[in-house]
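Here's the structure, in structure tokens; my notes come after.
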Amino acid sequence: MKIMRQIEPWLFLAPSLIVILAVFGYPVIRLIQLSTQKTIEGVTRFTGLATFGTLLRDDIFLKAVTNSLYLLLCIPVMVFIALLLAILLFERVRGWQTYRSILFLPYLLPITVVGLVFAYFFELNGAFNDLLRAVGLDRLALEWLGNSRLALPTVMVVIIWKEVGFGMILFLARLMSVEEDLFDAARIDGAGWWQLQRYVTVPQLATVIEFFSVVSVITMLSWVFGYVYTMTFGGPANATIVTEFYIYQKAFRFNQMNLAAAASLLLLLVTWVFIFLELRLRNRSGLREVSG
Amino acid sequence: MKLAKKPSLWVGKLSRQLILLAAATVSLIPLYFMVISALKGREEYLENKWGLPSVPVLTNFVTSLVQESTPNRYFNSLVLTVGAVAISTLFACLAAYAFARLRFPGKNTLFNMILALMVVPPVVMVVPMFVSMARLKLVNTYEGVILIYVGILLPFSVYLLTNFFETIPQAIVDAGRIDGCNNLGIFFRIMLPLSAPALVTLIVVNSMWVWNELLIALIFLQKDDLKTVMVGVSAMRGRYYLDVPATMAGLLIATIPIIILYLFGQRYFIRGLTSGAVK
Numbered sequence: 086m087k088i089m090r091q092i093e094p095w096l097f098l099a100p101s102l103i104v105i106l107a108v109f110g111y112p113v114i115r116l117i118q119l120s121t122q123k124t125i126e127g128v129t130r131f132t133g134l135a136t137f138g139t140l141l142r143d144d145i146f147l148k149a150v151t152n153s154l155y156l157l158l159c160i161p162v163m164v165f166i167a168l169l170l171a172i173l174l175f176e177r178v179r180g181w182q183t184y185r186s187i188l189f190l191p192y193l194l195p196i197t198v199v200g201l202v203f204a205y206f207f208e209l210n211g212a213f214n215d216l217l218r219a220v221g222l223d224r225l226a227l228e229w230l231g232n233s234r235l236a237l238p239t240v241m242v243v244i245i246w247k248e249v250g251f252g253m254i255l256f257l258a259r260l261m262s263v264e265e266d267l268f269d270a271a272r273i274d275g276a277g278w279w280q281l282q283r284y285v286t287v288p289q290l291a292t293v294i295e296f297f298s299v300v301s302v303i304t305m306l307s308w309v310f311g312y313v314y315t316m317t318f319g320g321p322a323n324a325t326i327v328t329e330f331y332i333y334q335k336a337f338r339f340n341q342m343n344l345a346a347a348a349s350l351l352l353l354l355v356t357w358v359f360i361f362l363e364l365r366l367r368n369r370s371g372l373r374e375v376s377g
Numbered sequence: 009m010k011l012a013k014k015p016s017l018w019v020g021k022l023s024r025q026l027i028l029l030a031a032a033t034v035s036l037i038p039l040y041f042m043v044i045s046a047l048k049g050r051e052e053y054l055e056n057k058w059g060l061p062s063v064p065v066l067t068n069f070v071t072s073l074v075q076e077s078t079p080n081r082y083f084n085s086l087v088l089t090v091g092a093v094a095i096s097t098l099f100a101c102l103a104a105y106a107f108a109r110l111r112f113p114g115k116n117t118l119f120n121m122i123l124a125l126m127v128v129p130p131v132v133m134v135v136p137m138f139v140s141m142a143r144l145k146l147v148n149t150y151e152g153v154i155l156i157y158v159g160i161l162l163p164f165s166v167y168l169l170t171n172f173f174e175t176i177p178q179a180i181v182d183a184g185r186i187d188g189c190n191n192l193g194i195f196f197r198i199m200l201p202l203s204a205p206a207l208v209t210l211i212v213v214n215s216m217w218v219w220n221e222l223l224i225a226l227i228f229l230q231k232d233d234l235k236t237v238m239v240g241v242s243a244m245r246g247r248y249y250l251d252v253p254a255t256m257a258g259l260l261i262a263t264i265p266i267i268i269l270y271l272f273g274q275r276y277f278i279r280g281l282t283s284g285a286v287k
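See the structure below:
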């Protein structure tokens with residue numbers, strides 16, 4: 086009976102743990118193998134860190150990492166816009182529920198669809214440039230995704246467009262769980278609009294803003310494949326290549342599995358740092374207690 | 009409150025409306041662009057990008073449905089969505105019950121480890137998984153892809169359900185125990201029925217995720233008759249480069265299930281996606 090009691094939890098956990106080991110555990114071991122070995126003409130040799138050396142000397146890889154870091158610039162913009170929208174909605178502006186539904190919609194649309202629609206939208210003779218020409222800004226009608234200096238910022242605009250709704254909905258949900266008295270008290274004390282936001286809203290949202298920022302860092306570093314694949318395919322001339330796309334390209338276009346594995350391992354280590362940070366934030370801010 | 013504030017109040021209201029109206033417009037433009045373009049002929053699209061179609065044409069939908077074997081793609085996406093969501097929900101329920109209600113050594117550590125997996129980039133697993141699955145002949149099978157999806161969905165599902173199970177009052181569980189329920193009985197007769205809202209939330213959010221997924225479907229289902237809706241449309245741009253309206257029709261057909269899901273299950277989306285951060 087006692088043994089049954091000890092075993093029982095593991096029986097409940099077993100199906101999940103087996104899948105998780107197969108999908109996460111085993112691949113990590115394979116990654117270490119793949120990135121430290123090389124098979125030439127059927128003979129597998131241990132190559133140590135040589136693959137990592139090759140990787141770090143590859144200009145395209147360095148370009149991909151730089152671009153991935155560039156994407157982080159989206160985050161402050163996203164936080165700002167999401168904050169503004171959440172505050173306006175929270176003030177129960179007339180029609181706020183309809184606005185909320187509309188503003189949240191981009192986040193749910195498939196990245197593939199969003200990416201392709203924007204790819205046409207930003208073409209040289211696309212709808213966006215038509216609009217610019219119509220208002221006399223002909224000089225600004227550029228090839229947004231085909232120009233190596235503009236392509237990455239354009240992709241970033243699309244990412245912000247799609248991801249901002251998530252921040253907004255998080256912030257709004259948090260604001261709605263704040264005691265109304267807190268706002269009333271501040272108003273009675275004579276706080277103006279800016280003061281109210283500065284001293285009540287933003288501090289109340291601090292933990293959620295942190296949470297959203299860390300989640301967004303992870304998104305930017307490792308969940309943006311779909312945008313690049315559909316909008317630019319990494320081009321022009323690798324201007325929009327990101328780490329994720331580099332891995333895809335090396336593994337499935339050029340069949341350089343060892344290089345792809347080494348890059349994957351590095352990406353995993355970097356995200357690991359942020360995952361750790363996220364867990365720390367979660368524990369520190371007591372997020373677990375207030376969730377569910 | 010004071011009289012002097014009245015005009016600024018009015019200005020404030022107007023500017024709020026304007027900001028939200030502008031944001032809503034920007035949010036809807038791609039959708040608008042997609043719908044009107046899908047209803048235009050090829051020539052009309054070139055001349056008139058923003059306006060409504062003079063005469064709406066439906067041929068683009070026919071092109072997209074017939075030439076792109078859309079029904080087949082829909083079937084594939086549906087199999088993956090139903091399979092992955094059903095299995096991951098069942099497994100996650102069981103695990104969440106253990107985390108929320110049973111005692112065992114190393115519980116918190118294990119829970120945190122699973123939590124951490126929530127954000128592991130899928131692309132990291134793709135390379136080694138592909139190598140292994142090629143050897144096991146699981147590439148180009150539904151099973152292989154469903155296995156990967158279940159793995160990716162599990163951490164979030166376990167997290168959401170554990171938190172929900174923890175909110176179910178212990179008194180109800182104790183009452184069940186007094187009535188002679190064992191753990192499995194409590195799980196099926198008490199926890200699951202009481203968790204219906206959380207389960208619906210989870211199913212809605214996870215279904216959307218699987219339907220929208222591109223990377224894994226692209227790599228693991230390369231045979232043409234196994235391709236998913238998203239993989240299918242991602243290739244349309246190359247194939248119909250000069251026929252933008254046909255592509256737009258394809259994109260619209262791919263998006264409709266998500267929009268329907270959103271119209272009916274909006275509150276579940278909001279609840280599901282904000283859990284983990286707020287009450």
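Top line first, the protein sequences correspond to chains A and B. Numbers in my numbering are just positions in the first sequence, counted from 1, shifted up by 85. Numbers in my numbering are just positions in the second sequence, counted from 1, shifted up by 8. All C-beta atoms, glycine included, are put in the ideal place defined by N, C-alpha and C.
From L116(A) to I332(A), what distance separates their C-alpha atoms? What you label residue 116(A) is simply residue 31 of the first sequence in a count that begins at 1. What you label residue 332(A) is simply residue 247 of the first sequence in a count that begins at 1. L116(A) and I332(A): Cα-Cα distance of roughly 12 Å.
Here's a check: name, in chain order, each residue in its chain whose Cβ is nearer than 7 Å to the Cβ of L188(A), leaving out the five neighbours to either side. Taking the first sequence and counting its residues from 1, one reaches residue 188(A) at position 103. So the qualifying residues of the chain are L170, G250, M253.
L222(B) versus V239(B) - alpha carbon distance: Stepping through the second sequence from its first residue, residue 222(B) is reached at position 214. Stepping through the second sequence from its first residue, residue 239(B) is reached at position 231. When only Cα atoms are considered, L222(B) and V239(B) end up about 6 Å apart.
Applying the 10 Å Cβ sphere with the 16-neighbour rule, what's the burial state of T282(B)? Here residue 282(B) corresponds to residue number 274 of the second sequence, with the count starting at 1. By the neighbour-count rule (16 or more Cβ atoms within 10 Å), T282(B) is buried.
Who are the neighbours of Y155(A) on chain B, taking C-beta pairs under 7 Å? Translated into positions along the first sequence, residue 155(A) becomes position 70. Neighbours of Y155(A) in chain B, taken as residues whose beta carbon is under 7 Å from its own, are absent, since the nearest beta carbon is some 17 Å off.
Helix, strand or coil: which one does DSSP assign to I360(A)? Here residue 360(A) refers to the residue found at position 275 when the first sequence is read from its first residue. Helix at I360(A).
Any chain B beta carbon closer than 8 Å to M241(A): For the purposes of this step, residue 241(A) is taken as residue 156 along the first sequence, with counting starting at 1. No, because no Cβ of chain B sits closer than 8 Å to the Cβ of M241(A).
Would F277(B) pass as an interface residue toward chain A - the criterion being a Cβ-Cβ separation below 8 Å? Taking the second sequence and counting its residues from 1, one reaches residue 277(B) at position 269. Answer yes: the Cβ-Cβ gap between F277(B) and chain A drops below 8 Å somewhere.
Would you say I122(B) faces chain A, with C-beta separation under 8 Å as the test? Within the second sequence, residue 122(B) is the residue found at index 114, counting from 1. With its beta carbon less than 8 Å from one in chain A, I122(B) belongs to the interface.
Start and end of the alpha helix (DSSP H) containing Q122(A)? One-based indexing of the first sequence puts residue 122(A) at position 37. No alpha helix (DSSP H) contains Q122(A), which is instead part of the beta strand (DSSP E) from 122-125.
Along chain A, which residues have their Cβ under 7 Å away from the Cβ of I27(B)? Translated into positions along the second sequence, residue 27(B) becomes position 19. For I27(B), the chain A residues whose C-beta falls within less than 7 Å of its own C-beta are L173, listed in chain order.
Considering V131(B), what are the terminal residues of the beta strand (DSSP E) in which it resides? In the second sequence, the residue the question calls residue 131(B) occupies position 123. For V131(B), no beta strand (DSSP E) encloses it; the enclosing alpha helix (DSSP H) starts and ends at 130-143.
Min CB distance G377(A) to chain B below 8 Å: On the first sequence, position 292 is the one that residue 377(A) refers to. Low confidence applies to G377(A): its pLDDT is 30, below 50, so where it sits in the model is not reliable, and the reading given next is rough at best. At least one chain B Cβ lies under 8 Å of G377(A).
Grouping DSSP H, G and I as helix and E and B as strand, with all else coil, what is V63(B)? To locate residue 63(B), count along the second sequence from 1; it is residue 55. Here V63(B) sits in coil by DSSP.
Quick one, are the C-beta atoms of I95(B) and V158(B) less than 8 Å apart? Walking along the second sequence from the start, residue 95(B) turns up at place 87. Walking along the second sequence from the start, residue 158(B) turns up at place 150. The answer is yes: Cβ separation under 8 Å.
Does any residue of chain B have a CB that is nearer than 8 Å to the CB of Y314(A)? Here the question's residue 314(A) lines up with position 229 in the first sequence. Against chain B, the CB of Y314(A) has a partner CB under 8 Å away; the residue lies at that interface.
Name the two residues that bound the continuous beta strand (DSSP E) containing R130(A). Taking the first residue of the first sequence as 1, we reach residue 130(A) at position 45. For R130(A), the enclosing beta strand (DSSP E) starts and ends at 128-131.
Taking DSSP as the reference, what is the three-state secondary structure of K115(B)? To locate residue 115(B), count along the second sequence from 1; it is residue 107. K115(B): helix per DSSP, three-state reduction.
Answer with buried or exposed for R279(B), where buried requires no fewer than 16 other C-beta atoms within 10 angstroms of its C-beta. Residue mapping note: residue 279(B) aligns to position 271 of the second sequence, counting from 1. Classification of R279(B): buried, given that the 10 Å Cβ count is 16 or more.
Any beta carbon from chain A within less than 8 Å of R245(B)'s own beta carbon? Numbered from its first residue, the second sequence carries residue 245(B) at position 237. By this cut-off, R245(B) is an interface position.
What is the DSSP secondary structure of F277(B), counted as helix, strand or coil? Against the second sequence, residue 277(B) aligns to sequence position 269. Three-state result, F277(B): helix.
For Y53(B), the first and last residue of its enclosing alpha helix (DSSP H): One-based indexing of the second sequence puts residue 53(B) at position 45. Where Y53(B) is concerned, the enclosing alpha helix (DSSP H) starts and stops at 50-55.
Mapping the DSSP letters down to three states, classify I176(B) as helix, strand or coil. Stepping through the second sequence from its first residue, residue 176(B) is reached at position 168. Under the three-state reduction of DSSP, I176(B) is assigned to coil, being neither helix nor strand.
According to a CB-to-CB cut-off of less than 7 Å, which residues of the region 63-80 of chain B neighbour chain A? Of all residues in the region 63-80 of chain B, none has a C-beta nearer than 7 Å to a C-beta of chain A.
Would you decide whether Q182(A) is buried or exposed? Buried here means 16 or more other CB atoms lie within 10 Å of its CB. Reading the first sequence from its first residue, position 97 is the one you call residue 182(A). By the Cβ-count criterion, Q182(A) is exposed, with fewer than 16 other Cβ atoms from all chains shown falling within 10 Å of its own Cβ.
Is any heavy atom in the ligand PLP found nearer than 7 Å to the beta carbon of A262(B)? With respect to small molecules bound, the structure shown includes none, and the ligand PLP cannot be examined in it.
Measuring only between beta-carbons, confirm whether N220(B) sits less than 8 Å from chain A. Within the second sequence, numbered from 1, the residue matching residue 220(B) stands at position 212. Look at N220(B): its C-beta is under 8 Å from a C-beta on chain A.
I want to see whether chain A comes within less than 8 Å of G159(B), judged by CB atoms only; does it? The count along the second sequence starts at 1 and reaches residue 159(B) at position 151. At least one chain A Cβ lies under 8 Å of G159(B).
Assuming M216(B) is part of the alpha helix (DSSP H), what are its boundary residues? The residue labelled residue 216(B) in the question sits at position 208 within the second sequence. Element bounds for M216(B): 204-220.
Which of helix, strand or coil DSSP assigns to W181(A): Position 96 of the first sequence, counted from the first residue, corresponds to residue 181(A). Of the three classes helix, strand and coil, the one that applies to W181(A) here is helix, per DSSP.
Counted within 10 angstroms of its Cβ, other Cβ atoms place W278(A) as buried (16 or more) or exposed: Taking the first sequence and counting its residues from 1, one reaches residue 278(A) at position 193. So W278(A) ends up on the exposed side.
What three-state label does DSSP hand Q230(B) in the structure shown? Along the second sequence, read from residue 1 onward, the residue named residue 230(B) stands at position 222. Per DSSP, reduced to three states, the secondary structure at Q230(B) is coil, with no helix or strand assignment.
Verify the CB distance criterion: does Q274(B) have a CB-CB separation below 8 Å to chain A? For the purposes of this step, residue 274(B) is taken as the residue at position 266 of the second sequence. Answer yes: the Cβ-Cβ gap between Q274(B) and chain A drops below 8 Å somewhere.
Beta-carbon spacing of T256(B), N56(B) below 8 Å: Position 248 of the second sequence, counting from 1, holds the residue named residue 256(B). Position 48 of the second sequence, counting from 1, holds the residue named residue 56(B). Contrary to the premise, residue 256(B) reads as Met rather than Thr in this sequence. Result no, Cβ atoms of M256(B) and N56(B) do not sit closer than 8 Å.
Starting from G200(A), trace the alpha helix (DSSP H) in both directions and tell me its first and last residue. Here residue 200(A) refers to the residue found at position 115 when the first sequence is read from its first residue. Per DSSP, the unbroken alpha helix (DSSP H) holding G200(A) starts and ends at 196-206.
For V286(B), count the other beta carbons within 10 Å of its own beta carbon; 16 or more makes it buried, fewer makes it exposed. Which is it? Numbered from its first residue, the second sequence carries residue 286(B) at position 278. Summary for V286(B): the model assigns pLDDT 49, below 50, so the residue's position carries little reliability, and this model does not support an answer.
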